[in-house]
């Protein structure tokens, strides 16, 4: 009996922790303290409030791997280490061609940063995270620490990070930088790895100065770290970097949790935990669901067909579940090597934006409610904003009636369906539940998911 009560109380305890850990603070006093390079001190930093208010961002995987459009962003490793795609490389790649040669074809000649910013803004996203450098080591900015292996020296001959950061900020969006710690084939990385991380020449001479350069040059609002290769945070000097970042740079910068082996879901600003992380209940710490529109990868892939991509409905469903449980959602797309967002991705993003233009008040600036999903009806998720509760219904009810078991009809003053005018008819369901009658409008008028705005007495 005691165990059953504890199980019932766990979500409520997590909700209380969520609402008191600084996440709801619109303007936390960030930067007032000096942080020391240890997790106890660094983890005490309040999360800047803008991130939780924003809820929704777009991620972009873009690099030399986009040229091949095969095997995703891990293609170099899959080719040279896992020895995959032998038939393809044997038939279409000339003998003697190296992976580095493909950088010459990363031309980005059709890249229009303002058009990208327009598409992203139209999606309803509030921030952008660009892969400034993935595990291949190729930087999308003219890094002084990646000589001849960056987008200014080879291929595009452009500062892609600079151009996109300027465009998205001009559009009123926040800009974030994905940055890989490891580089598969860098000699210094391989040397340190062979020494079982007892040396750190790679970090001292390459990664640490490179990250400082990235921060000082572009002042990212988010630093999305990845690729620790199982090495501890002490090897990566992550604690020293974060203390410097928090103490001496912009107060509103946000970081994730991938700073060394064992730090994910334990330390950092917001938690990624793992790709496509989607818990079913509210968490005590701010978290993010990073997922890709592609079912099978994160970068542009030529061989994918229509069914290899998530639908707009599936993405909005993920968004509803994520926001209801207190997370942010980061939806990834992979641009082409010539610099385009393919029409399918643009259509999906604009469709999400169309839905957000009607229903965005149920997403932006909201918090988890007492119930994350309904107690009676499946595919119904809840958010709240002050005294208003939003019920995100992921289907159009066949008989126009939907049962909300989590909503006590005795406490309800009025219910509206966002995108329509007037109040809806509702009545009691059994002891405390509520039956809401949808209006007689075509479900095609409102698409994908339907939001009930519930005002209480």
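Residue numbers (mature numbering (1 follows the signal peptide of the UniProt record, and there is no 0)): -22 to -1, 1 to 435. Even for Gly, the Cβ is constructed at its ideal location relative to N, Cα and C. Bear in mind the structure is a predicted one, so any value in this text is a computation, not a measurement.
Member of the options whose CA lies at the smallest distance from the CA of residue i
i           : options           : result
residue 427 : 363, 370, 84, 27  : 370
residue 139 : 147, 118, 154     : 118
residue 108 : 153, 387, 207     : 153
residue 405 : 393, 177, 399     : 393
residue 229 : 167, 425, 28      : 28
residue 99  : 388, 412, 332     : 332
residue 278 : 52, 72, 347       : 52
residue 316 : 36, 80, 32        : 80
residue 133 : 274, 45, 432      : 45
residue 115 : 145, 167, 32, 347 : 167
residue 135 : 418, 346, 164, 86 : 86
residue 324 : 49, 287, 159, 77  : 287
Contact check, residue i vs residue j, beta carbons under 8 Å
i           : j           : result
residue 233 : residue 217 : no
residue 304 : residue 260 : yes
residue 396 : residue 337 : yes
residue 297 : residue 341 : yes
residue 264 : residue 30  : yes
residue 384 : residue 344 : no
residue 268 : residue 308 : yes
residue 214 : residue 204 : no
residue 211 : residue 177 : no
residue 312 : residue 276 : yes
residue 148 : residue 35  : no
residue 391 : residue 418 : no
residue 208 : residue 112 : no
Per DSSP, the bridge partner or partners of residue i
i           : result
residue 152 : 105
residue 267 : 307
residue 157 : 111, 203
residue 128 : 117
residue 344 : BP columns for residue 344 are empty, so no partner.
residue 412 : 382, 406
residue 431 : 368, 394
residue 96  : Its beta-bridge partners do not exist; DSSP assigns none.
residue 90  : Looking at the DSSP assignment, residue 90 forms no beta bridge with any residue, so it has no partner.
DSSP-derived helix/strand/coil call for residue i
i           : result
residue 164 : coil
residue 185 : helix
residue 360 : strand
residue 38  : strand
residue 144 : helix
residue 8   : At residue 8, the pLDDT of 48 sits below 50, so the modelled position is not reliable; the number obtained from the coordinates is stated separately. Looking at residue 8 - three-state DSSP - the assignment turns out to be coil, as it is neither helix nor strand.
residue -20 : Its pLDDT being 39, under 50, residue -20 is placed unreliably in this model, and the value from its coordinates should be taken loosely. Three-state result, residue -20: helix.
residue 232 : strand
residue 351 : strand
residue 249 : strand
residue 226 : helix
residue 287 : strand
residue 329 : helix
residue 137 : coil
residue 21  : coil
residue 218 : helix
Distance between residue j and residue i (C-alpha atoms, nearest Å)
i           : j           : result
residue 416 : residue 12  : 54 Å
residue 255 : residue 271 : 14 Å
residue 403 : residue 294 : 26 Å
residue 246 : residue 141 : 28 Å
residue 26  : residue 93  : 29 Å
residue 191 : residue 362 : 40 Å
residue 322 : residue 97  : 12 Å
residue 74  : residue 171 : 27 Å
residue 63  : residue 414 : 55 Å
residue 432 : residue 368 : 6 Å
residue 175 : residue 126 : 27 Å
residue 165 : residue 194 : 26 Å
residue 180 : residue 155 : 20 Å
residue -10 : residue 389 : Bear in mind that a pLDDT of 48 at residue -10, under 50, signals an unreliable position, so the model cannot answer this.
residue 301 : residue 50  : 28 Å
8 Å Cβ cutoff, residue i in contact with chain D
i           : result
residue 242 : Absent from the structure is chain D; it holds one protein chain and no more.
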